[in-house]
Amino acid sequence: MTDQRMLTGDRPTGKLHLGHYVGSIANRVKLQHQYETSLILADLHMLTTKNARSDIAEISGNARQMVLDSLAAGIEPERATFYLQSAIPEIGELNTLFQNLITVPRLERIPSLKDMASDASKEEMPYGLLGYPVLQAADILCVKANVVPVGKDNHAHVEVTREIARRFNHLYGETFPVPELVTSEVSTLVGTDGHAKASKSLGNVIYLADSAEEVRKKVAAMYTDPNRVRADVPGTVEGNPVFIYHDAFNDDPDQVADLKERYQAGTVGDVEVKDKLAAAINRFLDPIRERRAAFEAQPGLVDQIIVEGTERTRREVQQVVFEVRKAMGLAGAYNQLRRKAERAQKKAAAES
Ligand code: TRP
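Residue numbers (full-length UniProt numbering): 1 to 352.
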């Protein structure tokens, strides 16, 4: 355990699935032992593409669900601080100040922002979406994070944070650590339908909250080698989602090796391969289910964890904003006006 701070997080858009687990959550569970850990529920970032009243109405439920999923997956509330971005208005203040430390063409060159715009069917780039990485810099620097584990789609954003931190320090004096980007892409998981990415919108995911029966149904319907029309036809293991999931989640490597061998030889049926996969995923999810049940048995606990984390973080961010205003000389600008106003007031009072 160092005294280094790690920050990462997600937009509160829904439940976590196995793709999230292998892509980021497993890594967070490990890193929480190495770093002081902050996890942001980035609802202001969600607004850059989803800002209907109906989307906003889902924030609290989604945040609760995501935190519960994270705790069930092994994030420890004693180690990690969760906080809701929109409940810390000082983050918005930093965002405003940071907007002057980066140029529009620099942001326009970031491909992930264009991808998000087109994914959200936006014909033109919303101003807030162009500023997504600047807001992210505010998230990261408001707690003076040293380490930011994110997937590839967020690398360019953390690069912007590093530039903003350097630029700020150069203009106003050493204030922020320049955070290190660590890639959290342990691996990406294919969808149950064989699509390159497991994603909620594609409906090809197994949720951490799925029941054993849901897992069995989803695995039974999984895409597999399409050329294998019968159990005695030799099949392909490479790139086959069923075996990718076996490799990722089956804790019995001998069983996996045996299934692969028989699959390639055409001596095992798909049903057996899938039954064993469903059983393996359920073994993997069982401890997660147990921890979930323990948290759920204490109503309001998850909400309390979020609120305490948010309040603690807010106090810390207020200190950082104070320091920022001081470094920039902004505090001084208003103090000069105020002192003069006070003097004038006193003078007027003395003369009356
Ligand atoms: N941009 C991240 C996403 O893709 C969420 C996020 C917001 C974030 N602020 C952050 C991640 C700060 C790491 C650090 O959903």
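Where a beta carbon is used, it is the ideal one built from N, C-alpha and C, also for glycine. Bear in mind the structure is a predicted one, so any value in this text is a computation, not a measurement.
For L7, is the beta carbon positioned less than 7 Å from some heavy atom of the ligand TRP?
Taking the sequence shown and counting its residues from 1, the one referred to as residue 7 is at position 7. Checking every heavy atom of the ligand TRP against the Cβ of L7, one is found closer than 7 Å.
Reference T37; option with closest CA among E76, G61 and G14
Position 37 of the sequence shown, counting from 1, holds the residue named residue 37. When each option's Cα is compared against that of T37, the closest is E76.
Contact belief for A156 with T49 at Cβ below 8 Å, rounded distance in angstroms
Counting from 1 along the sequence shown, the entry for residue 156 is found at position 156. Counting from 1 along the sequence shown, the entry for residue 49 is found at position 49. No, A156 and T49 are not in contact; Cβ-Cβ is about 17 Å, not under 8 Å.
Using the three-state DSSP reduction, which class does E272 fall into: helix, strand or coil?
Reading the sequence shown from its first residue, position 272 is the one you call residue 272. E272: helix per DSSP, three-state reduction.
Given a threshold of 16 other Cβ atoms within 10 Å of its Cβ, counted over all protein chains shown, does A42 qualify as buried or as exposed?
Translated into positions along the sequence shown, residue 42 becomes position 42. That one is buried.
Is the number of C-beta pairs between the region 57-74 and the region 291-299 that are closer than 8 Å three or more?
yes
Give the C-beta separation of A137 and I110 to the nearest angstrom, bearing in mind that I take them to be a contact with Cβ-Cβ under 8 Å.
For the purposes of this step, residue 137 is identified with residue 137 of the sequence shown, where counting begins at 1. For the purposes of this step, residue 110 is identified with residue 110 of the sequence shown, where counting begins at 1. With a Cβ gap of about 13 Å, A137 and I110 do not count as contacting.
Under 8 Å, do V302 and R79 count as touching if we go by C-beta distance?
Here residue 302 refers to the residue found at position 302 when the sequence shown is read from its first residue. Here residue 79 refers to the residue found at position 79 when the sequence shown is read from its first residue. Not in contact: V302 and R79 (Cβ atoms no closer than 8 Å).
Take L130 and list the residues in its own chain whose beta-carbon comes closer than 6 Å to its own, dropping the five residues that flank it on each side.
Taking the sequence shown and counting its residues from 1, one reaches residue 130 at position 130. These residues qualify, in order along the chain: L107.
Indicate, with yes or no, if the ligand TRP has a heavy atom lying under 7 Å from the CB of A42.
Working through the sequence shown from its first residue, we reach residue 42 at position 42. Under cutoff, so the answer is yes.
What do you reckon, are the CB atoms on V205 and G23 nearer than 8 Å?
By 1-based counting over the sequence shown, the position of residue 205 is 205. By 1-based counting over the sequence shown, the position of residue 23 is 23. Not in contact: V205 and G23 (Cβ atoms no closer than 8 Å).
Presumed contact (8 Å Cβ cut-off) between V190 and P241, rounded CB distance
Taking the first residue of the sequence shown as position 1, residue 190 is located at position 190. Taking the first residue of the sequence shown as position 1, residue 241 is located at position 241. Indeed they touch by this definition, with Cβ atoms about 5 Å apart.
Residue from Y263, A331 and I244 whose Cα sits closest to the Cα of A198
To locate residue 198, count along the sequence shown from 1; it is residue 198. The shortest C-alpha separation from A198 is found at I244.
State the Cα-Cα distance for the pair H246 and R11, rounded to the nearest angstrom.
The residue labelled residue 246 in the question sits at position 246 within the sequence shown. The residue labelled residue 11 in the question sits at position 11 within the sequence shown. For H246 and R11, the distance between alpha carbons rounds to 29 Å.
Identified DSSP bridge partners for Y83:
Start at 1 with the first residue of the sequence shown, and residue 83 comes out as number 83. According to DSSP, which records beta bridges pairwise, Y83 is partnered with I40.
Rounded to the nearest angstrom, what separates F168 and P105 at their Cα positions?
Within the sequence shown, numbered from 1, the residue matching residue 168 stands at position 168. Within the sequence shown, numbered from 1, the residue matching residue 105 stands at position 105. Computed Cα separation, rounded: 19 Å.
Pull up the CB-CB distance for V324 and L94, whole angstroms please, since I reckon it's below 8 Å.
Indexing the sequence shown from 1 puts residue 324 at position 324. Indexing the sequence shown from 1 puts residue 94 at position 94. Right, their Cβ atoms sit about 7 Å apart.
Can you tell me where the beta strand (DSSP E) holding R5 begins and where it ends?
Locating residue 5 in the sequence shown gives position 5, where the first residue counts as 1. R5 -> beta strand (DSSP E) spans R5 to D10.
T183 lies in the beta strand (DSSP E); which residues open and close that run?
Walking along the sequence shown from the start, residue 183 turns up at place 183. It spans E180 to T183 - the beta strand (DSSP E) in which T183 sits, taken as one unbroken run.
Should A145 go down as buried or exposed, given a rule of 16 or more other Cβ atoms within 10 Å for buried?
Position 145 of the sequence shown, counted from the first residue, corresponds to residue 145. Buried: at least 16 other Cβ atoms inside 10 Å.
Residues near R216 in its chain [Cβ-Cβ closer than 6 Å; skip 5 each side]:
One-based indexing of the sequence shown puts residue 216 at position 216. If we look at R216 and ignore the five residues flanking it on each side, its Cβ neighbours are A278.
T161: buried (16+ other C-beta within 10 angstroms of its C-beta) or exposed?
Start at 1 with the first residue of the sequence shown, and residue 161 comes out as number 161. Per the 10 Å Cβ criterion, buried.
Below 8 Å between beta carbons: does that hold for Q255 and K276?
For the purposes of this step, residue 255 is taken as residue 255 along the sequence shown, with counting starting at 1. For the purposes of this step, residue 276 is taken as residue 276 along the sequence shown, with counting starting at 1. Yes; because the gap between Cβ atoms is below 8 Å, this pair is in contact.
Report all residues from its chain with a CB closer than 7 Å to the CB of Y35; omit the five preceding and five following residues, and keep chain order.
As a working note, residue 35 is residue 35 in the sequence shown. So the qualifying residues of the chain are T2, Q4, R5, M6 and V147.
Tell me which residues share the same chain as G128 and place their Cβ nearer than 6 Å to its Cβ, disregarding the 5 neighbours each side in the sequence.
If you number the sequence shown from 1, residue 128 lands on position 128. So the qualifying residues of the chain are T48.
Straight-line CA distance for residue 353 to E174?
There is simply no residue 353 to check, as the chain begins at 1 and stops at 352 in what is shown.
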